[in-house]
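Residue numbers (my numbering): 414 to 1031. The C-beta atom is built at its ideal place from N, Cα and C for all residues, glycine as well.
Pasting the structure below:
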């Protein structure tokens, strides 16, 4: 059991202790009064007995001298009848009973209990009127002394429940030398003292009972006044220990308890502040750990997905997850148009043909690119910096609630921007979100720059098509895949008809324009990230169509041929339309190696030329 559970409360303990102390004090006081009262009564009884014995002894001197034993007996009996004593005995020096309150004892000799033995108790039990202890021999000697014969020997006896005193003194003439007799008077202590003591006890009880009751009431009040506030403080401490750090103890009591309550309240506030700081630090640490984890995952992905189109998609997915956002996009600089064009979008559908173009310095993305600094816009489309884009619906723009945009910097030179839109939980973007996005944008910028540099090594600068070495490597990869999965693929060889005449008649500049235009037709008709097209040399092109059989290759080649024939004429410049001839080879029917496939496709290309050009041979 926990400390303090199931035991007596502080208020009850306080009340019991106050009641106990008060009862103890009152009990000690009552006992002291009782002892003092009893002592006073005992002393009073001794004084009265001594006086009575001395007075009675002087009164008996004359009858004793006259030996009027009848009168003596009568006087002793009258004293008893008047309750002056309980018993009295007159004894001569030889121990003969001259008179007794019990008449049958008269005339007897105290042989069985001689006087000397009767009073011969231990020395400590003999007390004279002056309070001095006397032995029997000393007392008898003193009693016979004419100067001290009036002294009284006081003896106390107790048998069973009865207690009494016996007072002994000499009966003699005041100036005589002889002691004529000894008088002994017995007074019972119980009736004389106990009645008064009982009355005293009764009075004390009448006094102490209200006092005890008053003490209980006082202790209850003090317990409520002192222990009550302490209980409130203890309750507050327990609530604080249970995690309720906002708990407050309001105490209306002694100043010390008020100070204690204020200290407890301050302790709760400080604990809550420390807990809040620790919680904030933990959240910040968790956030740092999360950011490091995200950056590590992105960095690892860059090592395995470098120069791959999937990398930017992966980066945007990581950004959406890390920032808990709805969608994100990458806009890159179109150097020819000197505008930002959307290149990648995640979290929403988009049409590359309808992708908006933003002028440098226009809107939030344009400003971020121009300044090279990020912007956090938690007002969304309501922000004054937000600019409407051509081709975007009002409904789409109004759906933008929050926006964060950071530049893609390569050696402090912007190459594009990343836009992240709308927190899923409706909260605002904060500094942690911005810090993480800037770090991810730095990774993305390096990846894009590496991809650009890599693209320059594998693409032909004039047309943007792949170089033959890259093309041959991709064909080799496709042969391995097709052999493994038992698939078909096709390879096209393309040649521009009468290209030499175009160069001779219109110049190499027009010839180059024609090459670029045909290359664009090829790129527009090819499947993104699937088909591989290259400039094979001069006016010749080669296209790899993975997972495409002969019929599919013919369909594609015819579409490209018709597009070229219908779109190359330029009436303003008096340029006639040009045509292309195409030869097709299909794996594995036409060859199972790169060289054999190229040779077969090239042979069929020449067949197309020999049969009149502007046709497809498969």
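Cβ neighbours of residue 1015 in the same chain (closer than 7 Å, five flanking residues each side left out): Position 602 of the chain shown, counted from the start, is the residue given in the question as residue 1015. Excluding sequence neighbours, residue 1015 sits near 906 and 996.
query: Can the beta-carbon of residue 580 be found closer than 7 Å to that of residue 502?
result: Here residue 580 refers to the residue found at position 167 of the chain shown. Here residue 502 refers to the residue found at position 89 of the chain shown. Against a cut-off of 7 Å, the Cβ pair of residue 502 and residue 580 comes out as no contact.
query: When the distance is taken between beta carbons, is residue 875 closer than 7 Å to residue 738?
result: Taking the first residue of the chain shown as 1, we reach residue 738 at position 325. Taking the first residue of the chain shown as 1, we reach residue 875 at position 462. No, they are not a contact pair.
- prompt: Tell me, which residues are paired with residue 1000 by DSSP?
  reply: Taking the first residue of the chain shown as position 1, residue 1000 is located at position 587. Answer is 902.
message: Just to check my reading of the structure: residue 993 and residue 908 have Cβ atoms closer than 8 Å, yes? What is that Cβ distance to the nearest angstrom?
response: Indexing the chain shown from 1 puts residue 993 at position 580. Indexing the chain shown from 1 puts residue 908 at position 495. Beta-carbon to beta-carbon, residue 993 and residue 908 are separated by about 7 Å, close enough to satisfy the 8 Å threshold.
field: Segment contact, 8 Å Cβ cut-off, at least three pairs: the region 921–935 with the region 1011–1025
entry: no
- request: Determine contact between the region 851–868 and the region 929–936, defined as no fewer than three beta-carbon pairs at a distance below 8 Å.
  value: no
task: Tell me where the alpha helix (DSSP H) around residue 835 begins and ends.
output: Taking the chain shown and counting its residues from 1, the one referred to as residue 835 is at position 422. Boundaries around residue 835 are those of the beta strand (DSSP E), 826–836, since no alpha helix (DSSP H) includes it.
message: Using 8 Å as the cut-off, can you tell me whether the region 941–952 makes contact with the region 973–992, which would need three or more C-beta pairs spanning the two stretches below that distance?
response: no
- prompt: Since residue 1051 sits in a beta bridge, which residues does DSSP pair it with?
  reply: Limits of the chain in this structure are 414 at one end and 1031 at the other, which puts residue 1051 out of reach.
- request: Please classify residue 1024: does DSSP put it in a helix, a strand, or coil?
  value: Reading the chain shown from its first residue, position 611 is the one you call residue 1024. DSSP places residue 1024 in coil when its eight states are reduced to three.
message: For residue 613 and residue 447, I'd like the C-alpha separation in whole angstroms.
response: Taking the chain shown and counting its residues from 1, one reaches residue 613 at position 200. Taking the chain shown and counting its residues from 1, one reaches residue 447 at position 34. The alpha-carbon atoms of residue 613 and residue 447 are separated by roughly 7 Å.
message: Quick check on the burial criterion: 16 or more other C-beta atoms within 10 angstroms. Buried or exposed for residue 529?
response: Residue mapping note: residue 529 aligns to position 116 of the chain shown, counting from 1. Bear in mind that a pLDDT of 37 at residue 529, under 50, signals an unreliable position, so the number given afterwards is only what the model happens to contain. Exposed.
query: Would you call residue 843 buried or exposed, if buried means 16 or more other Cβ atoms sit within 10 Å of its Cβ?
result: Along the chain shown, one-based indexing puts residue 843 at 430. It counts as exposed.
query: What residue from 505, 578, 482 and 436 has the CA that sits closest to residue 459's CA?
result: Sequence index remark: in the chain shown, residue 459 carries index 46 (1-based). Here the closest residue by C-alpha is 578.
- request: Compute the distance between the beta-carbons of residue 1007 and residue 880, then report whether it is under 7 Å.
  value: As a working mapping, residue 1007 is identified with position 594 in the chain shown. As a working mapping, residue 880 is identified with position 467 in the chain shown. Cβ distance not < 7 Å, so residue 1007 and residue 880 don't count as in contact.
query: Which residue from 771, 759, 709 and 783 puts its Cα closest to that of residue 820?
result: Here residue 820 corresponds to residue number 407 of the chain shown, with the count starting at 1. It is 783.
query: What residue does the beta strand (DSSP E) around residue 953 start on, and which one ends it?
result: Mapped onto the chain shown, residue 953 falls at position 540. Per DSSP, residue 953 belongs to the beta strand (DSSP E) from 953–958.
message: Buried or exposed for residue 688, going by 16 or more other Cβ atoms inside 10 Å?
response: As a working note, residue 688 is residue 275 in the chain shown. So residue 688 counts as exposed.
message: Going by the DSSP bridge assignment, what does residue 501 pair with across the sheet?
response: The residue given as residue 501 occupies position 88 in the chain shown. Partner(s): 598.
query: Secondary structure at residue 496, three-state DSSP: helix, strand or coil?
result: Residue 496 sits at position 83 when you count from the first residue of the chain shown. It is coil, neither helix nor strand.
- prompt: So, helix, strand or coil for residue 943, using DSSP?
  reply: As a position in the chain shown, residue 943 is number 530, starting the count at 1. The answer is coil: DSSP assigns residue 943 none of H, G, I, E or B.
message: Using the Cβ count rule (16 or more neighbours within 10 Å means buried), how would you classify residue 797?
response: Taking the first residue of the chain shown as position 1, residue 797 is located at position 384. Classification for residue 797: exposed.
message: Please identify the residue among 697, 812 and 633 whose C-alpha is closest to the C-alpha of residue 740.
response: Taking the first residue of the chain shown as 1, we reach residue 740 at position 327. For the residues 697, 812 and 633, the minimum Cα distance to residue 740 belongs to 812.
message: On a Cα-Cα basis, can you pick out the residue from 486, 760 and 725 that is closest to residue 520?
response: Residue 520 sits at position 107 when you count from the first residue of the chain shown. The shortest C-alpha separation from residue 520 is found at 486.
Under 7 Å between C-beta atoms of residue 902 and residue 955: Taking the first residue of the chain shown as position 1, residue 902 is located at position 489. Taking the first residue of the chain shown as position 1, residue 955 is located at position 542. No, they are not a contact pair.
- prompt: Can the beta-carbon of residue 788 be found less than 7 Å from the beta-carbon of residue 818?
  reply: Mapped onto the chain shown, residue 788 falls at position 375. Mapped onto the chain shown, residue 818 falls at position 405. Yes, the Cβ-Cβ distance between residue 788 and residue 818 is below 7 Å.
query: Can the beta-carbon of residue 778 be found less than 7 Å from the beta-carbon of residue 830?
result: In the chain shown, the residue the question calls residue 778 occupies position 365. In the chain shown, the residue the question calls residue 830 occupies position 417. Yes, Cβ-Cβ distance for residue 778 and residue 830 is below 7 Å.
- request: Go ahead and pull the three-state DSSP assignment for residue 436.
  value: Taking the chain shown and counting its residues from 1, the one referred to as residue 436 is at position 23. Note: residue 436 maps to helix in three-state DSSP.
Cβ-based burial, residue 566 [other Cβ within 10 Å; buried from 16]: Here residue 566 is taken as the residue at index 153 of the chain shown, counted from 1. Burial call: buried.
- prompt: Nearest CA to the CA of residue 816: which residue from 799, 904 and 1000?
  reply: The sequence position of residue 816 within the chain shown is 403, counting from 1. Considering only alpha carbons, the answer is 799.
message: At the level of alpha carbons, what is the spacing between residue 451 and residue 516?
response: Taking the chain shown and counting its residues from 1, one reaches residue 451 at position 38. Taking the chain shown and counting its residues from 1, one reaches residue 516 at position 103. Their backbone Cα atoms lie some 34 Å apart in a straight line.
task: Look up residue 585 in the DSSP assignment and say whether it is helix, strand or coil.
output: Within the chain shown, the letter at position 172 stands for residue 585. Coil, per DSSP.
task: Please state if the CB of residue 470 and the CB of residue 584 are separated by a distance shorter than 7 Å.
output: The residue given as residue 584 occupies position 171 in the chain shown. The residue given as residue 470 occupies position 57 in the chain shown. Yes, the pair counts as a contact, with Cβ atoms nearer than the cut-off.
N- and C-terminal bounds of the alpha helix (DSSP H) containing residue 742: Taking the chain shown and counting its residues from 1, the one referred to as residue 742 is at position 329. Careful: residue 742 lies outside any alpha helix (DSSP H), inside the beta strand (DSSP E) at 738–747.
task: Sort out for me which residues DSSP pairs residue 512 with in a bridge.
output: As a working note, residue 512 is residue 99 in the chain shown. Answer by DSSP bridge pairing, in chain order: 503.
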